[in-house]
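Visitor:
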Amino acid sequence: MAGVGFELRKLYEKEGVFNRLKAYVFSSVITVGPLCSCMLAVAAIQWMMIERGAHYNERELFFSGLVYAFVFSYIFHSAIGMLMTRTVSDMIYEQRYGEILPSVFGGLKILLPAAALGGGAFLIWSPLPVSYKLPLYINFMELIVIWHLTVYVSAIKRFKAVFYAFLTGMAVALAAAWGWLSWTNAPTAADMTLCLAGGWLITMLWLLGVVKESFRVRAQAPDFAWLQRARQYPSLIAAGLLGTLGLYSHQFVYWLTNGRWVQDAFLMTPEYDAAVFYAFLSITPTLVMFVVSLETNFYPKCREFYDSVLGQGSIADIESAHKDIGRMLTQELVLIMGIQLVCSIVAIALGIRLLPMVGFLSTQIETYTVLVMAFYAFVIYNVLSLVLLYFDDRKGVLALAGAFFAMIVVFSAGAALLQADPSFAVFCASSLSLLFALARLSYILKNLLYYTFSSQPLVMKQKGGITGETV
0 MAGVGFELRK
10 LYEKEGVFNR
20 LKAYVFSSVI
30 TVGPLCSCML
40 AVAAIQWMMI
50 ERGAHYNERE
60 LFFSGLVYAF
70 VFSYIFHSAI
80 GMLMTRTVSD
90 MIYEQRYGEI
100 LPSVFGGLKI
110 LLPAAALGGG
120 AFLIWSPLPV
130 SYKLPLYINF
140 MELIVIWHLT
150 VYVSAIKRFK
160 AVFYAFLTGM
170 AVALAAAWGW
180 LSWTNAPTAA
190 DMTLCLAGGW
200 LITMLWLLGV
210 VKESFRVRAQ
220 APDFAWLQRA
230 RQYPSLIAAG
240 LLGTLGLYSH
250 QFVYWLTNGR
260 WVQDAFLMTP
270 EYDAAVFYAF
280 LSITPTLVMF
290 VVSLETNFYP
300 KCREFYDSVL
310 GQGSIADIES
320 AHKDIGRMLT
330 QELVLIMGIQ
340 LVCSIVAIAL
350 GIRLLPMVGF
360 LSTQIETYTV
370 LVMAFYAFVI
380 YNVLSLVLLY
390 FDDRKGVLAL
400 AGAFFAMIVV
410 FSAGAALLQA
420 DPSFAVFCAS
430 SLSLLFALAR
440 LSYILKNLLY
450 YTFSSQPLVM
460 KQKGGITGET
470 V
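Just so it is clear: in the sequence shown, position 51 is 50 by numbering that gives the first Met the number 0, and no numbers are missing.
(1) On the CB-based measure, 16 or more other CB atoms within 10 Å of its CB, does valine 341 come out buried or exposed?
(2) Using 10 angstroms around the beta-carbon of histidine 147, count the other beta-carbons present and answer buried if the total reaches 16, otherwise exposed.
(3) Which same chain residues end up closer than 6 angstroms to phenylalanine 390 when comparing Cβ atoms and leaving out the 5 residues on each side of it in sequence?
(4) How would you call asparagine 381, buried or exposed, if buried means at least 16 neighbouring beta carbons within 10 angstroms?
(5) Kindly indicate which three-state DSSP category leucine 266 falls into: helix, strand or coil?
(6) Taking the Cβ atom as the reference point for each residue, do leucine 180 and glutamate 59 lie within a distance shorter than 9 angstroms?
(7) Measuring straight from C-alpha to C-alpha, what distance separates aspartate 272 and glutamine 250?
(8) Which residue comes first and which comes last in the beta strand (DSSP E) that contains arginine 259?
(9) What would DSSP say about proline 112, mapped onto helix, strand or coil?
(10) Pull up the distance between the alpha-carbon of glycine 401 and that of alanine 238, whole angstroms please.
(11) Using a Cβ-Cβ cutoff of less than 8 angstroms, which residues in the same chain neighbour alanine 348 once the five nearest sequence positions on both sides are dropped?
(12) So, is leucine 235 buried or exposed, given that buried needs 16 or more other C-beta atoms within 10 angstroms?
(13) So, does the region 164-180 touch the region 120-134, judging by three or more C-beta pairs under 8 angstroms?
(14) Please determine, among Ala160, Leu65, Tyr151, Val150, the residue with the shortest C-alpha to C-alpha distance to tryptophan 205.
(15) So is methionine 406 buried or exposed if we call it buried at 16+ other beta carbons inside 10 Å?
(16) In or out: serine 429 buried (at least 16 other Cβ within 10 Å) or exposed?
(17) Which whole-angstrom value is the C-beta distance of serine 72 and isoleucine 143, which I expect to be below 8 angstroms?
(18) Between which two residues does the alpha helix (DSSP H) containing isoleucine 335 stretch?
(19) Spatial neighbours of alanine 113 within its chain, please: CB distance less than 7 angstroms, with the 5 preceding and 5 following residues excluded, ordered by chain position.
(20) Around the Cβ of methionine 90, are there at least 16 other Cβ atoms within 10 angstroms (buried) or fewer (exposed)?
(21) Can you tell me where the alpha helix (DSSP H) holding asparagine 138 begins and where it ends?
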């Protein structure tokens with residue numbers, strides 16, 4: 000999200016409360032606006048189905064199918080998501096703009112066939128009606144493309160267009176759903192899923208148009224040229240995939256041990272899944288704060304340090320920049336952790352008061368409370384992992400992601416043996432991961448000069464020999 004940070008710094012550098020508030024509002028629109036528009040659209044469609052007397056089974060099928068489409072499309076994309084982010088960042092830094100647009104289509108040529116086979120196999124063997132399978136399959140494939148295109152948001156300057164793409168798409172979906180429900184007296188999950196697919200199509204085409212317009216440079220490389228650079232970062236593939244699997248594996252374990260089948264196709268635990276959904280919303284402040292506070296303040300200090308190194312600055316300049324990084328990072332992390340803690344406490348209080356109004360039982364409230372604190376630890380751990388990537392600590396991030404995934408699976412399995420939901424297992428795994436990430440970041444900061452000067456290779460090795468370029 001460095002591109003977002005660049006735009007925000009222009010707002011953040013202006014003095015006054017209004018400009019600071021404007022920066023936060025802008026960040027909110029970019030980071031959580033698309034997600035919120037999607038959730039509101041799904042909730043609105045569910046409400047309309049209730050108003051039109053849709054059967055409970057149809058509403059449950061609609062929600063379950065979308066959960067599977069969202070989760071598994073994101074998992075498919077996570078296999079190359081972090082890798083693509085790093086590769087595109089390198090292209091922009093090295094001003095190889097002619098390779099960016101081909102990489103968009105090259106990534107899709109890898110993702111779409113794999114997703115088509117996986118999603119197709121699932122739907123073929125599921126006992127769902129064809130009238131529902133086809134729109135659900137379309138939704139799944141559209142989400143794959145949308146996740147992929149959002150990687151390029153950091154390189155796009157028309158951020159409002161990205162938000163409008165989601166807003167317009169969801170508005171179209173709602174209008175289509177309202178029109179269809181006004182005409183029929185028997186709304187089905189297939190109908191509503193098809194309406195949502197129409198909205199995703201608008202969003203997907205809009206995003207694609209924005210990306211193509213932003214990189215209107217004549218292609219200078221084949222679609223898979225980026226793979227040559229991507230071979231330098233195999234750890235990012237594993238780190239991205241393990242991190243995503245860790246985020247959802249507690250639900251997978253609970254589905255397998257305590258789930259029930261929806262239409263003999265989707266294994267779910269509706270009570271726990273609902274608590275997860277609402278608890279996850281509590282981390283929204285950190286998603287905003289990371290973009291506004293950390294990137295607009297920390298990124299310039301980080302760039303100043305490496306400019307001092309690459310610009311042959313004096314030892315005193317490098318040492319001063321090194322200390323500035325530590326001070327700024329400490330201040331921003333303390334600020335983010337403090338604000339998120341306050342927001343989490345407020346989320347717990349509001350949940351205790353409001354969630355019973357939407358049917359939550361006392362046991363679900365308890366689960367929700369534990370999950371809010373679990374996701375507090377998770378989102379701070381995730382922020383620390385992203386900071387470590389600023390220092391190119393790919394091995395450390397991979398180790399953290401692997402540990403997080405392993406702990407989530409083991410602790411969730413232990414909770415299943417005790418016949419308990421895995422909320423406390425998520426809390427334990429996230430808290431331990433947060434401690435490990437803090438320790439790793441502290442170690443990297445203390446030894447940043449070593450990692451900058453001594454741990455780098457003296458020459459770049461490529462296929463066919465040594466380039467002779469110093470690093």
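From the three backbone atoms N, C-alpha and C, an ideal C-beta is built for every residue, glycine too.
Guide: In brief:
(1) exposed
(2) buried
(3) Ile443
(4) buried
(5) strand
(6) no
(7) 7 angstroms
(8) 259-261
(9) helix
(10) 7 angstroms
(11) none
(12) buried
(13) no
(14) Ala160
(15) buried
(16) buried
(17) 5 angstroms
(18) 314-353
(19) Phe75
(20) buried
(21) 129-149
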